[in-house]
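What follows is a set of notes on a single structure, which appears directly below.
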Amino acid sequence: MELLAFGDTGWGDELFRATLMTIAVSITAMIIGFSFAAIFTPLKLSKYKSLNLIANIYTTVIRGVPELLVIYLFFFGGSGAIMFVASMFGYNEYIEINAFITGSFAIGIISGAYSTEVFRGAIQSIDKGQFEAAKVLGFSKFKRFYKIILPQMLRLAIPNLSNVWQITLKDTSLISVTGLVEIMRQSYIAAGSTRDPLFFYSFAAVLYLLLTFISMKLINKLEVKYSRGY
Amino acid sequence: MDFDLMASSLPKLLNAAVVTLKLLSVSLIVGLLIGLLFAILRLNKNIFVNQFAYGYSYLFRGTPLLVQIFIIYFGLGQIESLRESFLWVILKEPYWCAIIAFALNTGAYTSEILRSAFQTIKPGVIEAGKSLGIPSKIIFYKIQIPIAIRQSLPAYGNEIILMMKGTSLASTVTLMDLTGVAKYIISTTFKPIEVFIVAGGIYLFMTFIIHNVIKFLEKKYSFNS
Numbered sequence: 001m002e003l004l005a006f007g008d009t010g011w012g013d014e015l016f017r018a019t020l021m022t023i024a025v026s027i028t029a030m031i032i033g034f035s036f037a038a039i040f041t042p043l044k045l046s047k048y049k050s051l052n053l054i055a056n057i058y059t060t061v062i063r064g065v066p067e068l069l070v071i072y073l074f075f076f077g078g079s080g081a082i083m084f085v086a087s088m089f090g091y092n093e094y095i096e097i098n099a100f101i102t103g104s105f106a107i108g109i110i111s112g113a114y115s116t117e118v119f120r121g122a123i124q125s126i127d128k129g130q131f132e133a134a135k136v137l138g139f140s141k142f143k144r145f146y147k148i149i150l151p152q153m154l155r156l157a158i159p160n161l162s163n164v165w166q167i168t169l170k171d172t173s174l175i176s177v178t179g180l181v182e183i184m185r186q187s188y189i190a191a192g193s194t195r196d197p198l199f200f201y202s203f204a205a206v207l208y209l210l211l212t213f214i215s216m217k218l219i220n221k222l223e224v225k226y227s228r229g230y
Numbered sequence: 001m002d003f004d005l006m007a008s009s010l011p012k013l014l015n016a017a018v019v020t021l022k023l024l025s026v027s028l029i030v031g032l033l034i035g036l037l038f039a040i041l042r043l044n045k046n047i048f049v050n051q052f053a054y055g056y057s058y059l060f061r062g063t064p065l066l067v068q069i070f071i072i073y074f075g076l077g078q079i080e081s082l083r084e085s086f087l088w089v090i091l092k093e094p095y096w097c098a099i100i101a102f103a104l105n106t107g108a109y110t111s112e113i114l115r116s117a118f119q120t121i122k123p124g125v126i127e128a129g130k131s132l133g134i135p136s137k138i139i140f141y142k143i144q145i146p147i148a149i150r151q152s153l154p155a156y157g158n159e160i161i162l163m164m165k166g167t168s169l170a171s172t173v174t175l176m177d178l179t180g181v182a183k184y185i186i187s188t189t190f191k192p193i194e195v196f197i198v199a200g201g202i203y204l205f206m207t208f209i210i211h212n213v214i215k216f217l218e219k220k221y222s223f224n225s
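Line by line, the protein sequences are chains A and B.
Taking my numbering, the leading residue of the first sequence gets 1, the next gets one more, and so forth.
Taking my numbering, the leading residue of the second sequence gets 1, the next gets one more, and so forth.
The structure is reproduced here in structure tokens:
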């Protein structure tokens, strides 16, 4: 137990900060993922074949390639790509992006591909009559989406989004390879310096279980809120 | 775009893909057996037995695969009695540690897939078997299992693809699988995009094959044909 003490003697405070980092990366990645989904879901549902193709390439490639490979691409290629764009604007200094941004972006793009599929499925399973009725009643395009389609879509999407959240949360463990100090990386450091890997990795497992357990409880509440009236 | 690098790294990456496929197939076979066993335990009426099976699947589905590999590869070696037992021959090899972690992980997901497949079998089917006087063991092997396999094919297909992506974590315990070799080439040449295209292409090709095999099996075993 003294291994987990707070302060200089134990690893308690370090692991606590690392847990907060895991939560921060997961939430950032989820938000980045939603932004990607907001772009690609309309493309998937568009009537233009070429737009469908772009969205399909995104979701197929990301879902068919290991997360670790995507993370390596961002880790080794990220600053190169930024520097290339910067050099077009005449900035030629070396740019290093920090591990948090690279990591959240890599996980966010992965999570976005799953979210896109979830939103597409949810919109497609809304009754066609709802779209037609909204049109007939003269709602503007904007209102049609925000007042009629979005609330119904959320109700259908939340159970699957909770899966996406679980996947995202667990995927953040892979960012440890880039050196960002989240649960996995901190356990690796602690295990190395105390020579007690069994304890620290098991503790990491407990932390992840706790995170998934708590988030499941919260999502269940959301689910109840959005299913009012059903 | 460095096409020479892409061409020269292709054979190395294809060789590494064989390692990935080996890891995948061994863990899937072991995982399927574990999954079937735990699905049956989950359906057992004894509360301790089914809660044990539930705990297993909760534990392995609620934690990242990376943690599981690290516990098995780095953690188990710490236990003295284990290091002196015959099991150490297996557990000191990163290859077998990775396979044990993968098999236990996919076993947990497979048990959930199979359990829900067993539960969605219509009771009428089993009752029909009973009223025909078929012993319940034969009902299980000849009626319930084939229906469950058919029911779980789409979900299991996804699980195979997820597991294929999961094998990339073997590279974190020094195994040179497809991702391991890709990372090595990236870190020696600093050409991430070229290597990503080739390695990603190989992964996508494998995904494509698995996807189509499952689709073919689904058609073959569908109830309507």
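Built from N, CA and C at the ideal position, the CB exists for glycine as well.
Check                                                                                                                                                  : Outcome
Does the beta carbon of ILE71(B) sit closer than 8 Å to a beta carbon anywhere in chain A?                                                             : yes
PRO154(B) by DSSP, collapsed to three states: which one?                                                                                               : helix
Would DSSP call GLY64(A) helix, strand or coil?                                                                                                        : helix
GLN151(B) to GLU80(B), Cα distance in whole Å?                                                                                                         : 45 Å
Could you tell me if LYS49(A) is buried or exposed, where buried requires 16 or more neighbouring beta carbons within 10 angstroms of its beta carbon? : exposed
Give the secondary structure of LYS12(B) by DSSP, where H, G and I count as helix, E and B as strand, and everything else as coil.                     : helix
Would you mind giving the Cβ-Cβ distance between LYS130(B) and ILE139(B), rounded to the nearest angstrom? I have them listed as a contact below 8 Å.  : 7 Å
Run down chain B in chain order and give the residues with a C-beta less than 7 Å from the C-beta of PRO66(A).                                         : LYS165, SER168, THR179, TYR203
Rounding to the nearest angstrom, what Cα-Cα distance links SER225(B) and ILE175(A) in this structure?                                                 : At SER225(B) the pLDDT is 46, less than 50, meaning the model places this residue with poor confidence; the figure from the coordinates comes in the next sentence. Rounded to whole angstroms, SER225(B) to ILE175(A) spans 47 Å at the Cα level.
Between the Cα of ALA157(A) and those of GLY80(A), VAL177(A), THR116(A), spot the shortest distance and give me the residue it belongs to.             : THR116(A)
Could you check how far apart the C-beta atoms of TYR201(A) and PHE70(B) are, in whole angstroms? I think they sit under 8 Å.                          : 5 Å
Can you tell me whether DSSP reads PRO64(B) as helix, strand or coil?                                                                                  : coil
Please classify SER225(B): does DSSP put it in a helix, a strand, or coil?                                                                             : Because SER225(B) sits at a pLDDT of 46, beneath the cut-off of 50, its placement in the model cannot be relied upon, and the point is left open.
What number of angstroms, rounded off, separates the C-alpha of VAL125(B) from the C-alpha of LEU65(B)?                                                : 38 Å
Mapping the DSSP letters down to three states, classify PHE86(B) as helix, strand or coil.                                                             : coil
Please tell me whether VAL213(B) has its Cβ less than 8 Å away from any Cβ of chain A.                                                                 : no
Contact between the stretch 65 to 74 of chain A and the stretch 148 to 168 of chain B: three or more CB pairs below 8 Å?                               : yes
Can you grab the Cα-Cα spacing for the pair SER25(B) / THR194(A), in whole Å?                                                                          : 36 Å
Does chain B have any CB closer than 8 Å to the CB of MET76(A)?                                                                                        : Position check: residue 76(A) holds Phe in this sequence, whereas Met was assumed. Taking Cβ atoms only, chain B reaches closer than 8 Å to PHE76(A), which makes this a yes.
How would you call SER270(A), buried or exposed, if buried means at least 16 neighbouring beta carbons within 10 angstroms?                            : Because chain A in this structure spans residues 1 to 230, residue 270(A) falls outside the shown range and cannot be described.
Helix, strand or coil for ILE175(A)? Go by DSSP, reduced to three states.                                                                              : helix
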